[in-house]
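Q: My questions will all concern the structure given below.
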Amino acid sequence: MKTSTPHDAIAWMALVLSGGYIFAGCIPTIIGWVYDISNNYKFSLWDYSCYVYFCLLFPSALEPNKNKKTNSYILMTGKKKNKDIVNILTSGRLLM
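If you're matching positions, the sequence shown starts at 1 in our numbering and goes up one per residue.
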């Protein structure tokens with residue numbers, strides 16, 4: 001998602017992080033609930049392995065477009081000099 005102002009970027013980041021924390025906080029509760037019902041760890045371990053599989057699979061679907069060159073790619077790879085990265089951060093040209 002591309003945002004036009006820093007405030008929009010912060011709001012978007014807060015939404016995504018809060019959703020992730022809520023989702024991550026529910027997993028131990030669900031695994032404990034399944035253990036209480038089944039009285040063994042077999043189903044709880046299957047739940048946990050499905051959760052790990054989902055976490056590994058889902059981000060791969062969100063891969064950025066490799067044909068589009070953005071400044072965020074430069075920041076992640078560090079292929080430019082540090083001075084250029086600082087200029088990108090301070091100028092607000094970071095694309096999300």
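The C-beta atom is built at its ideal place from N, Cα and C for all residues, glycine as well.
In the DSSP assignment, find the alpha helix (DSSP H) that holds T5 and state where it starts and stops.
A: That residue, T5, is in no alpha helix (DSSP H); it is neither H nor E in DSSP.
Q: To the nearest angstrom, report how far apart D8 and N39 are at their CA atoms.
A: When rounded, the distance between both Cα atoms is 47 Å.
Q: Run the CB neighbour count on S18, radius 10 Å, all protein chains shown included, and call it buried at 16 or more, exposed below.
A: Exposed, by the Cβ-count rule.
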